[in-house]
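Chains as they are written, first to last, in our numbering: chain A, 5 to 261; chain B, 5 to 261. Cβ coordinates follow ideal geometry from the N, Cα and C atoms, glycine included. Down below is the structure, laid out as structure tokens.
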């Protein structure tokens, strides 16, 4: 299947519509928005790609759902972020990087991996930039034997836990803000981490790339953008929409419910 | 949660962008397109609503995912269709109608329900307009005892079957075209019927309403727009995009692969 190589993009919303270069999508955003600079936690944006039928990954890897333009927008968002976060299941599913290709002399965002089990295949699946610091968030009471081997490649941050024994995300985020100066946190999945943040009203925005594909797959075989109990739907506002080729780039504000 | 009551809509794509009344979305379409009037089968458009996280139904009912504007666009499409088709599982899941509220003196589209089992709760769940003819498509070798009770409210069309014993959709569609003069067929799900049509390259367009909601739910609990084996992704083209409130109305051409 030929890769879509859009050479122009349209800003569709908000008006006025105008033509831009595909590489400009999300490039001029001021994030976090000045009115949302909160000292108690980072401003959190989630970036995901989905097919038209709502599938966020096939065969465990999301890489090929989006086009080259989608990867450019991902890099544009990463370049603004102080930290890029994923859940450990996403790293277990595929080889990936959390860094920015060209930093133009700037620094790499902090890589953050959230795990309740300690099963984080850094060596096998993390393509690590030598200038990028990586932090693994683990429950405070996890056995050192389960995290010790991570310390050769990452820092380990023990975070307070909920009554269920999983990481208390709100308190972990506060630690990222205070101890690691993370003002803008970019979350790139997986569906369970997205759900945990959204259901706790901790996510501020969703960047959703809608790839012009129908992937099929039966429930259980394929992932959607969110995985977790049904949510009470809050108000969600469309902030911006772009089109490159047949792929839509949608930015939403999650104002909470 | 307050219902979104958009009083204006934007046609975002194709350019030029312009403001329209929400009720005008999809109202001026010429369907089937003149160049696609094929005597061998109807022109087939699928209309579905999905949340941002790809969920097409919660608790078995899709009704509340879309807004009032979505229901208006559904009526606009039904008013153009010669027949409105659903799978029997969709009727088993919720009370619904396949008719047009106000026909302005015109006739009702033919209602078509596809079933391999004969389990079609017409009496319990079909809100039937007295002027609407309903056709139940069944496999040609189904026992009369399983379909006899349907005949008080509908016509029963026995369709040729595949080697797996399920309805041969291509041949059933030919019968709709030749025997019932269906030139434009609107399919409203469910996910298995959508998948069967798309995987057989029988669907020409997808109208996808992207509701500004995040619904959550775990795989297996919730439906997506398509349910069936993984598909080979074909070329999909965005034909039009509208925005009303925060809800997007997307029209795609499915050119097959």
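1) Tell me, please, whether the CB atom of residue 96 of chain A is closer than 7 angstroms to any CB atom in chain B?
2) Look at the alpha carbon of residue 173 of chain A and the alpha carbon of residue 83 of chain B, and state the distance between them as a whole number of angstroms.
3) For residue 146 of chain B, which of B:139, B:214, B:163 has the nearest alpha-carbon?
4) Can a CB atom of chain B be found closer than 7 angstroms to the CB of residue 17 of chain A?
5) Mind listing which residues of the stretch 215-236 of chain B have their C-beta closer than 7 angstroms to chain A's C-betas, in chain order?
6) Here's the rule I'm using: 16 or more other beta-carbon atoms within 10 Å means buried, otherwise exposed. How should residue 6 of chain B be labelled?
7) Taking residue 182 of chain B as part of the alpha helix (DSSP H), name the residues at either end of that continuous run.
8) Applying the 10 Å Cβ sphere with the 16-neighbour rule, what's the burial state of residue 261 of chain B?
9) If you draw a straight line from the C-alpha of residue 160 of chain B to the C-alpha of residue 140 of chain B, how long is it?
10) By the three-class DSSP mapping on this structure, what secondary structure does residue 229 of chain A have?
11) Starting from the N-terminal side, write out each stretch of the beta strand (DSSP E) that is 3 residues or longer and does not extend beyond the stretch 117-167 of chain A.
12) Opposite residue 55 of chain A in the DSSP bridges: which residues?
13) Could you name the residues that DSSP lists as bridge partners for residue 99 of chain B?
14) When the Cα atoms are used, what is the spatial distance from residue 216 of chain A to residue 17 of chain B?
15) Looking only at its own chain, which residues have a Cβ that is under 6 angstroms from the Cβ of residue 94 of chain B, when we skip the five neighbours before and after it?
16) Provide the residue span of the beta strand (DSSP E) that contains residue 241 of chain B, from first to last.
17) So for residue 35 of chain B, helix, strand or coil by DSSP?
18) For residue 251 of chain A, which of helix, strand or coil comes out of DSSP?
19) In the DSSP assignment, what are the bridge partners of residue 22 of chain A?
20) Where residue 156 of chain B and residue 59 of chain B are concerned, what is the direct C-alpha to C-alpha distance, given to the nearest angstrom?
21) Following the continuous alpha helix (DSSP H) through residue 87 of chain B, name the residue where it begins and the one where it ends.
22) Buried or exposed: residue 46 of chain B, going by 16 or more other Cβ atoms within 10 Å of its Cβ?
23) Note down, in chain order, all residues in the stretch 71-93 of chain A with a beta-carbon under 7 angstroms from any beta-carbon belonging to chain B.
24) Give the interface partners of residue 241 of chain A over in chain B, defined as CB-CB distance under 8 angstroms, in chain order.
25) Would you list the residues sitting across from residue 72 of chain A in a DSSP beta bridge?
26) If distances are taken between C-alpha atoms only, which option among B:203, B:225, B:51 comes closest to residue 218 of chain A?
27) Please report the straight-line C-alpha distance between residue 106 of chain A and residue 158 of chain A, rounded to a whole angstrom.
28) I'd like the list of long-range same chain contacts for residue 243 of chain B, defined as Cβ closer than 6 angstroms, with 5 residues on each side in sequence excluded.
29) Just the Cα atoms here: how many angstroms apart are residue 57 of chain B and residue 196 of chain B?
30) At 7 angstroms on the CB atoms, spell out the chain D contacts of residue 202 of chain A, in chain order.
31) Note down, in chain order, all residues in the stretch 32-57 of chain B with a beta-carbon under 7 angstroms from any beta-carbon belonging to chain A.
32) Below 8 angstroms on C-beta distance, what does residue 199 of chain B contact in chain A?
33) Would you mind working out which of A:30, A:123, A:142, A:200 sits nearest residue 74 of chain A, comparing C-alpha positions?
34) Decide if the stretch 33-49 of chain B is in contact with the stretch 178-187 of chain B; the criterion is three or more beta carbon pairs, one per stretch, under 8 angstroms apart.
35) Is the separation between the beta-carbon of residue 92 of chain B and that of residue 189 of chain B shorter than 7 angstroms?
If we stick to the structure as given:
1) no
2) 50 angstroms
3) B:163
4) yes
5) 216, 217, 218, 219, 220, 221, 222, 223, 224, 228, 229, 230, 231, 232, 233, 234, 235
6) Because residue 6 of chain B sits at a pLDDT of 44, beneath the cut-off of 50, its placement in the model cannot be relied upon, and the following sentence gives the value as read from the coordinates. Counting Cβ neighbours within 10 Å, residue 6 of chain B comes out exposed, since fewer than 16 surround it.
7) 173-184
8) At residue 261 of chain B the pLDDT is 40, less than 50, meaning the model places this residue with poor confidence and gives no usable figure here.
9) 5 angstroms
10) coil
11) 138-143, 159-163
12) A:215
13) DSSP output for residue 99 of chain B lists no bridge partner at all.
14) 15 angstroms
15) 193, 194
16) 240-248
17) coil
18) strand
19) A:15
20) 35 angstroms
21) Counting along the chain, residue 87 of chain B falls outside any alpha helix (DSSP H), though it belongs to the beta strand (DSSP E) covering 87-91.
22) buried
23) none
24) 216, 250
25) Paired residue(s): none; residue 72 of chain A is not in a bridge.
26) B:203
27) 22 angstroms
28) 255, 257
29) 19 angstroms
30) Going by chain labels, chain D is absent from the structure shown, which instead holds the protein chains A and B.
31) 54, 56, 57
32) 220
33) A:30
34) yes
35) no
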